[in-house]
Amino acid sequence: MIPELSSQGRALLQSGQTTSTEDPHPDALHIDEPPSDDRESAVDARCAQLRAELLTARQLRSIQPSEPLVEGYLYRNTLAWLHGKPGTLKSFTAVDIACCVDTGTGWHGHPVKRGTVLYLIAEGAAGLSTRVDAWELAHGTAVENAVFLPVPVQMLHSLDVEAFIRLLAELRPVLVIIDTQSKVTLGGDENSTKDMARFVDALDRLRRASGASILVVHHEPRAGENMRGSTALEGGADTILRITRDGNVVEISNTKQKDAPEQPPLVLAAEPVGGSLILSQSAVGIAALTRSSEHALLTVLRDSFGTRGATKTELRDASDLPKTTYYRAVNELVGKGLVVERKEGRSTIYTLSVHNRQTEIPTSPTDSHE
Numbered sequence: 001m002i003p004e005l006s007s008q009g010r011a012l013l014q015s016g017q018t019t020s021t022e023d024p025h026p027d028a029l030h031i032d033e034p035p036s037d038d039r040e041s042a043v044d045a046r047c048a049q050l051r052a053e054l055l056t057a058r059q060l061r062s063i064q065p066s067e068p069l070v071e072g073y074l075y076r077n078t079l080a081w082l083h084g085k086p087g088t089l090k091s092f093t094a095v096d097i098a099c100c101v102d103t104g105t106g107w108h109g110h111p112v113k114r115g116t117v118l119y120l121i122a123e124g125a126a127g128l129s130t131r132v133d134a135w136e137l138a139h140g141t142a143v144e145n146a147v148f149l150p151v152p153v154q155m156l157h158s159l160d161v162e163a164f165i166r167l168l169a170e171l172r173p174v175l176v177i178i179d180t181q182s183k184v185t186l187g188g189d190e191n192s193t194k195d196m197a198r199f200v201d202a203l204d205r206l207r208r209a210s211g212a213s214i215l216v217v218h219h220e221p222r223a224g225e226n227m228r229g230s231t232a233l234e235g236g237a238d239t240i241l242r243i244t245r246d247g248n249v250v251e252i253s254n255t256k257q258k259d260a261p262e263q264p265p266l267v268l269a270a271e272p273v274g275g276s277l278i279l280s281q282s283a284v285g286i287a288a289l290t291r292s293s294e295h296a297l298l299t300v301l302r303d304s305f306g307t308r309g310a311t312k313t314e315l316r317d318a319s320d321l322p323k324t325t326y327y328r329a330v331n332e333l334v335g336k337g338l339v340v341e342r343k344e345g346r347s348t349i350y351t352l353s354v355h356n357r358q359t360e361i362p363t364s365p366t367d368s369h370e
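Heads up: the sequence shown begins at 1 in full-length UniProt numbering, then just goes up one per residue.
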């Protein structure tokens, strides 16, 4: 039989509201078919539930859009993913967002809605305190209300999900961070549409029960730029953020916003503070940062070609960089005035700028933190 709604759930449905602190559809993917002799009454009951959900156009317009949590990037009552390859500072970015929301500090120029943050540390708990300490040191602000749960709560197990929902009801967070997806879906196949649909359904239950923004940290495959696993993840997301890193330059791309404009890439600097790293838009000047690929090209130009310079093909072959990375790095170096581009017949020649020949090429950090 279809489970009967609580009196609060019925009232919410009759009023046309769509969110609640209770979950009106527990285990939506696992409702058993009623016995044949009860089927007609079960269909009648379900039809009544669906009828109560009907909205007029006026009622539809009265539904308020999700409230911004991090302006332009994260919204209350939504599901979001932050993904990237190993070493791209995914967890550092998640900590950065968590600390900003907890303290009401703007996130790199974007206002935030202050509130309680619940950070589920499913892996790497030992290093997280150092990252929070570094953030506090850099911002001169204490993180006081965020709570951390160093337990890999299993989102494919109904007992864990129901217990976690009860915890959310007690804490009432505005942001829940799950770091990482793979550690809270043990036993599931992330390439299975069925398993990942169950995972998304569990996250949806957390969202409905709390009204919070649920942010999941996830990995990418070795090849490709999308999230690892089934496309059910992308389909279930309201927001997707992708993080890439090149040396001390971190770029956060907003590749999906379901109900809001996608934001332009956010470029940040990874700076050492207090034995850890923080993300910053400091006076170091993002435009002056040197990516590791740019550093490689500068070194090749100096050591292999000297003052005569190199053609486009010579430089690309000598640098051994992927084609896309090579062209981006060349354009950046020319734009910064570190490399001079000139035409000789049909060839394009690149040489170090006069100033750059006389100064030491800046080093590029190779920190491999997650």
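Glycine included, every Cβ here is placed at the ideal spot set by N, Cα and C.
Bear in mind that the values here come from a model prediction, so they are computed numbers and not experimental data.
* Three CB pairs or more closer than 8 Å across the stretch 43–57 and the stretch 65–81 -> no
* When the distance is taken between beta carbons, is Val-339 closer than 8 Å to Leu-321? -> no
* Over what stretch of residues does the alpha helix (DSSP H) that includes Thr-116 continue unbroken? -> First-last for Thr-116: undefined, no H or E at that position.
* **When Thr-185, Val-147, Asp-189, Met-155 are compared against Glu-170, the one with the closest alpha-carbon** => Val-147
* Quick one: what does DSSP say Leu-159 is sitting in, helix, strand or coil? -> helix
* **Any non-hydrogen atom of the ligand NAD within 7 Å of Glu-294 CB** => Ligands are entirely absent from the displayed structure, and the ligand NAD is therefore not among its contents.
* Asked: Where in the stretch 142–195 do unbroken runs of the beta strand (DSSP E), each at least 3 residues long, occur, reported from the N-terminal end onward?
  -> 147–149, 175–179
* Could you please give me the residues that DSSP links to Thr-348 through a beta bridge? => Lys-343
* Inter-residue spacing [alpha-carbon to alpha-carbon] between Pro-252 and Glu-40 -> Going by the sequence as given, residue 252 is Ile instead of Pro. Cα to Cα, the separation comes out at about 52 Å.
* **Delimiting residues of the beta strand (DSSP E) encompassing Gly-84** => 79–84
* Asked: My guess is that Trp-135 and Val-95 are in contact by the Cβ rule of under 8 Å, so how many angstroms apart are they, rounded?
  -> 6 Å
* Taking Ser-276 as part of the beta strand (DSSP E), name the residues at either end of that continuous run. => 276–280
* Asked: Which of helix, strand or coil does DSSP assign to His-219?
  -> strand
* Taking Cβ to Cβ, would you say residue 404 is nearer than 8 Å to Thr-88? -> A question about residue 404 goes unanswered here, because the residues of the chain that appear run from 1 up to 370.
* Beta-carbon spacing of Phe-164, Val-174 below 8 Å -> no
* With DSSP as the reference, label Ser-213 as helix, strand or coil. => strand
* Secondary structure at Ala-11, three-state DSSP: helix, strand or coil? -> Note that Ala-11 has pLDDT 40, beneath the 50 cutoff, so the model's placement of it is unreliable and the number below is only indicative. Ala-11 falls in the helix class under three-state DSSP.
* To do: Excluding the 5 residues preceding and the 5 following Leu-203 in the sequence, name in chain order all residues of the same chain whose CB lies nearer than 6 Å to its CB.
  => Leu-79, Ile-214
* Given Thr-325, which residues of its chain have a CB within under 7 Å of its CB, disregarding the five upstream and five downstream residues? -> Ser-293
* To do: Classify Lys-323 as buried or exposed, calling it buried when 16 or more other Cβ atoms lie within 10 Å of its own Cβ.
  => exposed
* Express the C-alpha separation of Thr-185 and Ile-121 in angstroms, rounding to a whole number. => 14 Å
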